[in-house]
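First the structure, in the form of structure tokens, and then the observations on it.
Numbering (this note's numbering), first residue to last: 67 to 305.
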């Protein structure tokens, strides 16, 4: 008389991030259903669901690691959780453990929202020959490491500060109109135009950004240089 060996195969489906994985295991064996997470983060919540029943739960922030037997207790003494990855381990498997398992991984994170005022032009008027300063007026300007000034629609900058790289530069512009005319305040990033001419009239934009916080401030100025140069009046005596 020959002995017969019968193997019962369990078919387990696992849903992880909307992708269904299929696992085959022989009855009585142990199977691990992976989350594909290398390490659970502090505020992560993980739920393992069989059918529509939660059978395991992790909430690391509250140090909550729970497994449940299920309404018909088919999982009594069968479940374990990997507290580092959140993977679910089913030991001594039975046919009744076949089915669809879903894992939900919920992450909690913080968002800092900064609402900026809409960028409006500041109008500045100056007599030809005088100097004019365009102020950044940012109280905590030292937090921002990059300041870039542009004139009209020019792609290149006319002035630039990069504190990290130690760059404090002014440029002449393509047509040289700003040659020896620009001065940067290294502390505030404000831009001074010296000995103004009528071709310095136009729109100036400054972009103030922080590489650390990814926060950027935009400001613009419309400068009008009057064509009447200031004249000094001298009073003398004829002898």
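Glycine included, C-beta positions come from ideal geometry on N, C-alpha and C.
Problem - Reduced DSSP category for residue 127 - H, G, I as helix; E, B as strand; rest coil - result: helix
Problem - Alpha-carbon spacing of residue 114 relative to residue 142, whole angstroms - result: If you take the alpha carbons of residue 114 and residue 142, they lie about 15 Å apart.
Exercise for the section: Tell whether a beta-carbon distance below 9 Å holds between residue 278 and residue 211. Expected result: yes
Practice task
Would you kindly report the start and end of the unbroken beta strand (DSSP E) that includes residue 249?
Solution key: 248 to 250
Handout entry: DSSP-derived helix/strand/coil call for residue 235
Key = The three-state secondary structure of residue 235, taken from DSSP, is strand.
Practice task
Kindly indicate the opening and closing residues of the beta strand (DSSP E) around residue 290.
Solution key: Note, residue 290: beta strand (DSSP E), 281 to 292.
Handout entry: Boundaries (first-last residue) of the beta strand (DSSP E) holding residue 191
Key = 187 to 193
Handout entry: Distance, residue 139 Cα to residue 156 Cα
Key = Residue 156 and residue 139: Cα-Cα distance of roughly 14 Å.
Problem - For residue 201, the three-state DSSP class (helix, strand or coil) - result: coil
Handout entry: C-alpha gap between residue 162 and residue 95, whole angstroms
Key = Each residue's Cα considered, the two are about 13 Å apart.
Handout entry: Alpha carbon of residue 110 to alpha carbon of residue 171, nearest angstrom
Key = 7 Å
Handout entry: Residue(s) in a DSSP beta bridge with residue 228
Key = Paired residue(s): 212, 233.
Handout entry: Rounded straight-line distance, which links the Cα of residue 280 to that of residue 93
Key = 54 Å
Practice task
May I ask you to list the residues that DSSP assigns as paired with residue 121?
Solution key: None, per the DSSP bridge assignment.
Handout entry: Terminal residues of the beta strand (DSSP E) in which residue 153 lies
Key = Per DSSP, residue 153 lies in no beta strand (DSSP E) segment and is marked neither H nor E.
Exercise for the section: Please report how far the alpha carbon of residue 131 lies from the alpha carbon of residue 124, in whole angstroms. Expected result: Whole-angstrom Cα-Cα distance: 5 Å.
Practice task
Look up residue 171 in the DSSP assignment and give the residues it is bridged to.
Solution key: Residue 171 is bridged to 112.
Practice task
From the DSSP output, in three-state form, read off residue 106 for me.
Solution key: Coil.
Handout entry: Backbone CA spacing between residue 190 and residue 231 [nearest angstrom]
Key = Rounded to the nearest whole angstrom, the C-alpha separation of residue 190 and residue 231 is 32 Å.
Practice task
Report the three-state DSSP secondary structure of residue 159 (helix, strand or coil).
Solution key: Residue 159: coil per DSSP, three-state reduction.
Handout entry: Beta-carbon separation (whole angstroms), residue 203 vs residue 262, contact threshold 8 Å
Key = Residue 203 to residue 262, Cβ: 20 Å. No contact.
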